[in-house]
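**Q**
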Amino acid sequence: MDYISTRGNYSCNSLQAVLKGIAPDGGLFISPEILDSPFDWKSVLGLPTLEMAEKILSHLLPDFTGMSDLVKRAYTGKFETEDLTPTVRVGGMYVLELFRGPTSAFKDVALSMLPQLITSAKKQSGASDETVILTATSGDTGKSAMEGFRDVPGTRIIVFYPHGGVSPIQKAQMATQEGRNVKVCAVRGNFDDCQTAVKQAFSKINSSGMLQGMNKTLSSANSINIGRLAPQVVYYFKAYSDLIGYGRIKAGDEVDFVVPSGNFGDILAGYFAKLIGLPVRRLVCASNENRVLSDFLHTGVYDKRRPFYRTSSPSMDILVSSNLERLLFLASGCDSAKVSSWMKDLQTEGVFTADDRTMENIRRTFCGYCCTEEETIRTIGETYRKDAYLCDPHTAVGIKAAGDYKADNPDDVPVIVLSTASPYKFPDPVSRAIGLKAENDEFTQIDAIRDATKVPVPAALSSLREKKVLHDDVIDREEIIGYVLKALEN
Ligand SMILES: *Cc1c(COP(=O)(O)O)cnc(C)c1O
């Protein structure tokens, strides 16, 4: 029973943790024991990415058998490059490109793997029920999850996204999704409304026995699932290994990572990498104008009672960062009573204050920087002109934060910025940033960017405009449960 709930009332093995997604007491699964147990991290450096993934995932999820096959099935032939996540040099820093997968967003790394983990966990534990994935998305998760789960036997996926809260390309990607077992629906309200409503629907359906006799189990593809977090640990090792390959560091030297953050999953995976041995000095949390996380890292007060901004980096337009709960748990010395009370405060008052000891622990590794809309656009333009690198707005938030961080910490430790999306996923802000003339639709903008920059367009994005819209439902939050139950009838 390696995995325990951050709220303290549940434990299970890694198979069950992946299948359940969220613990029955409302907490998130974590295994302090595994994160603390010896892992021969040096032995994975220099391995081909899939072998590296197999070793790391076997450590983090020890109950899974046949990890090598699962990894191969998840990734082979699905990414633009065989090493999945290349690291490139940009100006004085490094950029870890996580967007070379089927939907051009970093979430593909985890969501290609999660269906394999779920299917395998079911087989190993003798479960025969259908897994129903319910997911709220701020834009990228939904598409990536549907692509990962489409037509995977024994699974079904229903995705909810904020109506008007995703980019036209993101919307087109979701609305044209094929697959017999997928459903997509827009919900009126912003992402936090949508995510909260989906979480509530999830627990209500589960606790009320609405699915009784249907042989179906709900699960989540959001980054609260440990099966989504674990595959993200791998690319931190991969980047480190690349820097050794470039002769920039040798095994044992420290590096800093800068991570454009929203739900805090990506950066938390970096912390897991550090805990199992990778010499990570600092993890820099980069926020857009919804700077609740970078404010928290500075003040110790997490306060979501603030205006919500729609920015050009919509996947980070989040005021409730679910995965922070896992960091709070670890940094408080696994104090589930404290974590529970903070989460209760957040739910009832919209704010909580972490104690000084916990904040001290967090600040030993984490620091926060934020980036305004104007700075985001300027950074895309400057990075393109100065360093001949075209980045998307999420990545730009990271690059800006990295520059500010480096100005505050001028030393020779290399900085690696995680690049989370292809610039072609967000053609409107990108074309503005590099000074192209205004176009009415995003597809024309994509062509204009390609013509101006000669950066190749990912195949799945260039074929999008010919695809048929298959999903156009729009509902209110209150209708989610009814929508799910209806979808499950047929
Ligand atoms: C999801 C997402 C993020 C934020 O990642 P978290 O794990 O939620 O912090 C950043 N950029 C892009 C493009 C994303 O899709």
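Numbering (my numbering) for the sequence shown: 314 to 803. Every residue gets a Cβ at the ideal spot worked out from N, C-alpha and C, and that includes glycine.
1) Would you say G883 touches ligand 1, meaning its beta carbon is less than 7 Å from a heavy atom?
2) According to the Cβ coordinates, are T468 and I446 closer than 8 Å?
3) Could you tell me which residues DSSP puts in a beta bridge with T468?
4) Enumerated in chain order, which unbroken segments of the alpha helix (DSSP H) with a length of 4 residues or greater are wholly contained in the stretch 373 to 431?
5) Quick one: does the C-beta of H476 sit closer than 7 Å to a heavy atom of ligand 1?
6) According to DSSP, C680 sits in a beta bridge with which residue or residues?
7) Based on Cα-Cα distance, which residue from A449, T666, S626 and G748 lies nearest to S732?
8) Can you find at least 3 beta carbon pairs, one from the stretch 376 to 385 and one from the stretch 696 to 711, that sit closer than 8 Å?
9) Ligand 1 and N603: does any heavy atom of the ligand fall closer than 7 Å to the residue's C-beta?
10) Name the residue from G663, I762, I562 and K651 whose alpha carbon lies nearest to the alpha carbon of D741.
11) Which whole-angstrom value is the C-beta distance of I788 and V500, which I expect to be below 8 Å?
12) Going along the chain, which residues of its own chain have a beta-carbon closer than 7 Å to the beta-carbon of Y796, five neighbours each way excluded?
13) Would you kindly check if the distance between the Cβ of A773 and the Cβ of T530 is under 8 Å?
14) Assign S378 to buried or exposed, taking buried as 16 or more other Cβ atoms, counted over all protein chains shown, within 10 Å of its Cβ.
15) If you draw a straight line from the alpha carbon of Q525 to that of F342, how long is it in whole angstroms?
16) Express the C-alpha separation of N494 and I712 in angstroms, rounding to a whole number.
17) Buried or exposed for G340, please, with buried defined as at least 16 other CB atoms from any protein chain shown within 10 angstroms of its CB.
18) What do you reckon, is the C-beta of P573 under 7 Å from a heavy atom of ligand 1?
19) When DSSP builds the beta bridges, which residues end up paired with A734?
20) In this structure, how does DSSP classify K799 when only helix, strand and coil are distinguished?
21) In whole angstroms, what separates the C-alpha of Y615 from that of W655?
22) For a test of your reading of the model: does the CB of G578 fall under 7 Å from any non-hydrogen atom of ligand 1? Yes or no.
23) Can you tell me whether T671 is buried or exposed, with buried defined as 16 or more other CB within 10 angstroms of its CB?
24) So for C498, helix, strand or coil by DSSP?
25) Which of the three DSSP states, helix, strand or coil, is assigned to T708?
**A** So, from the listed chains and residues:
1) Nothing can be reported for residue 883: it is not among the residues displayed for the chain, which extend from 314 to 803.
2) yes
3) T444
4) 380 to 388 and 420 to 424
5) no
6) V597
7) S626
8) no
9) no
10) I762
11) 6 Å
12) C498 and I788
13) no
14) The question names Ser, but residue 378 in the sequence shown is Thr. So T378 counts as exposed.
15) 25 Å
16) 38 Å
17) buried
18) yes
19) A418
20) helix
21) 9 Å
22) yes
23) buried
24) strand
25) helix
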